[in-house]
Every structure is written in structure tokens, then in C-alpha cells.
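See below for the structure under consideration.
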Amino acid sequence: MRFRLFFALLAIFIGLWTLFFKPVEVAPHKVSDAWIKFERFSFVALTPRGRELALQGLSAKALGDRLLLSDITLYKDDLTLQADEANYTDDVLELSQDISLRSKEYTLLCDKARYYLKGGIIQILSPFEFRSQRLWAKGKRGVVYLKERKIKAYKIQAKVEI
């Protein structure tokens, strides 16, 4: 008897709910110019091999197909990439203002760079400074190949300690 009463009351509630409150349809494909904002965010991608990628920052705003990030820190393997501002579009991260790439062996500093996430390539678009235990270098432009652990630099001035 209680079950019948419960289901009857539930049916009446659902009927009144749909009568007075119309259901709203949400079409996610129609939000191309949506504006979303996050404060103090953190993202970690885990794979069977362990932590693959981690991203944290102060704020993120989604504007259409772009994601504007501020004060970000990206962790990948033993590398740490920090930047004051970033603009993410189509697996490319446009970095600007006080960019630093740090590992156990070296530190690279610049003001403007482009990080191609799929290829693991960082294109340095401004004058940079490279420091390691035995090498100090300044250059105009460069490319960092993260997978091959190579750095190509153009118009450099270097100091090597032996």
C-alpha cells in the first residue's frame, strides 16, 4: 500500500512539475561564443605510465574557441614551464611575459614563445637567456625540441666554463 501511495504521489509531482516548469533543452554545440571563467584551476592528465601532464594557474577564461590563461605552470615529465599569460587554441599555447622553462640541467628565460603540444616543440619568438652549470647563452630566437631534448638557437652569444 505504501509503495502505491509513494508512486502515485511521485507521478502527481512529476505531472505538476512538467505542467508549471517547462523542461529546457541545452544544445552544447551552439555555445561557440560562450564565456567561462575559472579561478585558481588545476588539471592533471593521468595515463598508465603515470602523470603525463599537469597544468595549474590563477585564472582561465574561455572565449569561443580560445582559452585565455594567466599565471600558468605546466609540468611535463621533469620540465616545468611557467608564464604570466597564455592563449590556447588548437593544441598551440601562445605564451607571453616572463616565460621560464626549467629542468634539473638548465633554465631558459624569454618573453614570448609558442608551445606546440602535440609535437612537443617550443618556438622561442623573443630574445632569450639559457643557463646551465657550465653554459650561459643569450640569443635572438630558438627552438626547443622536448622529445629529443635538443635546443636550436640563432644569433647566440655564449660563455662556456671548462
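Read in the numbering used here, the sequence shown has 7 at position 5, and its numbers run on one by one without any break.
Don't be surprised by glycine CBs; every beta carbon is placed ideally from N, CA and C.
Just so you know, these numbers come straight off a predicted model, no measurement behind them.
1. I need the straight-line Cα distance from Arg143 to Ala155, nearest angstrom please.
2. Report the three-state DSSP secondary structure of Ile164 (helix, strand or coil).
3. Express the C-alpha separation of Gln84 and Lys133 in angstroms, rounding to a whole number.
4. Determine the closest residue to Leu148 out of Thr20, Phe130, Met3, Leu110, with distance taken between C-alpha atoms.
5. Distance check for Ile16 and Ala62, CA to CA, integer angstroms please.
6. Are the beta-carbon atoms belonging to Ala139 and Glu150 less than 9 Å from one another?
7. Near Val33, what residues of its chain come up, given a Cβ to Cβ distance below 7 Å and the 5 sequence neighbours on each side ignored?
8. Considering Ile123, what are the terminal residues of the beta strand (DSSP E) in which it resides?
9. Rounding to the nearest angstrom, what Cα-Cα distance links Gln159 and Ile126 in this structure?
Taking the coordinates as given:
1. 6 Å
2. Coil at Ile164, not helix or strand.
3. It is worth fixing the name first, because residue 133 is Arg in this sequence and not Lys. Roughly 16 Å separates the two Cα atoms.
4. With distances taken between Cα atoms, Leu148 lies closest to Leu110.
5. 39 Å
6. no
7. Note that Val33 scores 43 on pLDDT, short of 50, meaning its location in the model is unreliable and no value can be drawn from it.
8. 123–126
9. 16 Å
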